[in-house]
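Peer 1: Chains as they are written, first to last, in the working numbering: chain A, 6 to 322; chain B, 535 to 781. Cβ atoms here follow ideal geometry from the backbone N, Cα and C, with glycine treated the same way.
(1) Quick check: is the beta carbon of residue 610 (chain B) nearer than 8 Å to any beta carbon in chain A?
(2) Let me confirm a value: residue 722 (chain B) is counted as buried when at least 16 other C-beta atoms fall within 10 Å, else exposed. Which label applies?
(3) Within 10 angstroms of its Cβ, does residue 51 (chain A) collect 16 or more other Cβ (buried), or is it exposed?
(4) Below 8 Å on the Cβ atoms is my contact criterion, and I expect residue 259 (chain A) with residue 207 (chain A) to pass it. Report the Cβ-Cβ distance as a whole number of Å.
(5) What's the gap between the Cα of residue 136 (chain A) and the Cα of residue 147 (chain A)?
(6) Of the residues that make up the region 182-195 of chain A, which ones have a beta carbon closer than 9 Å to any beta carbon in chain B?
(7) For a contact meaning CB atoms closer than 8 Å, what does residue 273 (chain A) contact in chain B?
(8) If you scan the region 135-179 of chain A from start to end, which runs of the beta strand (DSSP E) of 3 or more residues do you find wholly inside it?
(9) Does any residue of chain A bring its CB to less than 8 Å from the CB of residue 712 (chain B)?
(10) Can you grab the Cα-Cα spacing for the pair residue 286 (chain A) / residue 123 (chain A), in whole Å?
(11) May I have the straight-line CA-CA distance separating residue 174 (chain A) from residue 118 (chain A), to the nearest angstrom?
(12) For residue 697 (chain B), return the contacting residues in chain A, with the cut-off set at a CB-CB distance below 7 Å.
(13) With three or more beta-carbon pairs closer than 8 Å as the criterion, would you say the region 703-715 of chain B touches the region 663-673 of chain B?
(14) Taking 6 Å as the limit between beta carbons, can you name the residues of its chain near residue 281 (chain A), skipping five residues before and five after?
(15) Counting only beta-carbon separations shorter than 8 Å, does residue 654 (chain B) have a partner in chain A?
(16) Are any of the Cβ atoms in chain A nearer than 8 Å to that of residue 759 (chain B)?
(17) Can you check whether the C-beta of residue 577 (chain B) is within less than 8 Å of a C-beta belonging to chain A?
(18) Unbroken alpha helix (DSSP H) runs of length 4 or more, entirely within the region 218-300 of chain A: which are they?
(19) At which residues does the beta strand (DSSP E) containing residue 315 (chain A) begin and terminate?
(20) Go through its chain and collect everything with a Cβ distance to residue 651 (chain B)'s Cβ below 7 Å, but skip five positions before and after it.
(21) Residue range of the alpha helix (DSSP H) that residue 650 (chain B) falls in?
(22) Need the endpoints of the beta strand (DSSP E) that residue 545 (chain B) sits in, please.
(23) Scan the region 579-604 of chain B and note each continuous alpha helix (DSSP H) run of 4 residues or more that stays entirely inside, going in chain order.
(24) Would you call the region 238-248 of chain A and the region 752-762 of chain B in contact, with 3 or more CB pairs under 8 Å?
(25) Starting from residue 76 (chain A) and walking both ways along the alpha helix (DSSP H), at which residues does that stretch end?
(26) By the DSSP assignment, the beta strand (DSSP E) with residue 42 (chain A) in it spans what residues?
(27) Who are the near neighbours of residue 613 (chain B) in its chain, counting only those whose CB is closer than 8 Å to its CB and skipping five residues on each side?
(28) What residues match up with residue 569 (chain B) in a beta bridge as DSSP calls it?
(29) Check whether the region 53-63 of chain A and the region 30-38 of chain A touch, using three or more Cβ-Cβ pairs below 8 Å as the test.
(30) Let me check you understand the geometry: is the CB of residue 154 (chain A) closer than 7 Å to at least one non-hydrogen atom of the ligand FMN?
(31) Is the Cβ-Cβ distance between residue 45 (chain A) and residue 78 (chain A) less than 8 Å?
(32) Sorted by chain position, which residues of the same chain lie with C-beta nearer than 6 Å to residue 204 (chain A)'s C-beta, five sequence neighbours on each side aside?
(33) Span of the beta strand (DSSP E) holding residue 696 (chain B)?
(34) Would you mind telling me which residues of chain A sit closer than 7 Å to residue 767 (chain B), beta carbon to beta carbon, in chain order?
(35) Just confirm the distance between the C-beta atoms of residue 96 (chain A) and residue 19 (chain A), as a whole number of angstroms; I'd bet it's less than 8 Å.
(36) Please state whether DSSP places residue 619 (chain B) in a helix, a strand or coil.
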């Protein structure tokens, strides 16, 4: 009864969240005394067998180009079939955009209890209980899965990747996928930028920047720190920055290793989207800004003076 | 054209999050309840905009909850729904809730089912996908734009690092987020009209929840901020590299 891990890909390459979910699935398999296997859909230009170094022993690969673009309905049927064939009792996803489109469908299809947004390995000492984020990062719930078949979607960047060496056996699976009911007409990826949801470092700014013309220094600081840029809701609503940069309760919730907030006061709705970040840095000229209470490091100062100096110091690293 | 909009009652975004009964229950005392913002601002308002363009559009609302959800249903009706269903049941298991919605949806023959991208309390982002699977319909998640041309829907959805445009025939399930529409305030005519709009209460179908919440935890408080002088930002960069090891 192996643990089955969904190996997410995009543009023929393995996604960055995949090693994290493999590590999670492999540790869970060890805990349950079984093996970790993977399922990969679509044609891949990366070395698939090398994913074994994160702990997956066998990878079931349906190498069909019609699967290069994930369709929830089509993927669900294939994953359900492979899970049934190998007798998997736990299926692991990343709780990323693909995971959110597929895992709930699979849960309903297999009547498998789903924990979406897991942040830790299950407690299997009595039953099967998984800790997940609730109340937009302000609390956790310990969720008991009451079905024999279980699905866990792991929140991105909540689990340390471990590579122990080793190579996975890749098994070609022959399934003819049905044709999807939805058709992708166009894809518009922002080239050259780090996607916010996958970024390890994020530099974010708010109304304290006074206007969109002042974002140049934010972009420059982000570039030297290899960080993505983000903004507060007020800034996105004012049209200073694109909506996809809005982080917070009603925008994107992120959990980077470093979140640097410049000129953002730290309203509770903003904190809800970023409080899972490992290290929070706040730069604000108001020493009473509530964000300082949630911060690890801070500078009380004027962003227009502090940020250029930060850029110089970071460049000197 | 019939649209079913799924709405959920959630604590206000500024509500204090605390728990009672040995951390097994959310502390509801003093909490203001609202329509889940994604359900209201994006799913419901976009449905209303479609109705404003084509008066033959009918909007039904559904919530799964006890009598205490009726104020938020009336508010949603004041914004613009035609009639509402309340399935008289409580619970937090997404499959249980989805099964109740799917049951009503089956009877109503809807062309479109809208949900918010997730609720701001349980954050599972699961109901749309589950309802779609239970009805064997396509599901487009995390939509930022939605347009109809006859019976073909064109949807822009978020993908990692950008967006894509998808076409789908109806019926269809869509989860909605920022970009779909703008928040509205109900007007007096809407509020008065909502009082007499039909709100049908139905009893739940018998479905076993697949999961249950055992306990809640709140995150440990931060140990306190380490302040660096504004005259020496280089010290911050040094700490981030040498102490926090994040750059």
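Peer 2: On the basis of the supplied data:
(1) no
(2) exposed
(3) exposed
(4) 6 Å
(5) 4 Å
(6) 185, 186, 187, 188, 189, 190, 191, 192, 193, 194 and 195
(7) 547 and 548
(8) 144-150, 155-159 and 174-177
(9) yes
(10) 25 Å
(11) 29 Å
(12) 193
(13) yes
(14) 142 and 260
(15) yes
(16) yes
(17) no
(18) 221-229, 238-242 and 273-279
(19) First-last for residue 315 (chain A): 308-320, but that is the alpha helix (DSSP H), not the beta strand (DSSP E).
(20) 572, 659, 676, 709, 710 and 711
(21) Residue 650 (chain B) -> not in any alpha helix (DSSP H); beta strand (DSSP E) instead, spanning 646-650.
(22) 543-545
(23) 579-587
(24) no
(25) Per DSSP, residue 76 (chain A) belongs to no alpha helix (DSSP H) and is neither H nor E.
(26) 41-46
(27) 574, 578, 579, 582, 718, 720 and 724
(28) B:543
(29) yes
(30) The model on display carries no ligand, and the ligand FMN is accordingly not part of it.
(31) no
(32) 233 and 261
(33) 696-703
(34) 304, 311, 314, 315 and 318
(35) The pair is not a contact, with the Cβ atoms about 18 Å apart (cut-off 8 Å).
(36) strand
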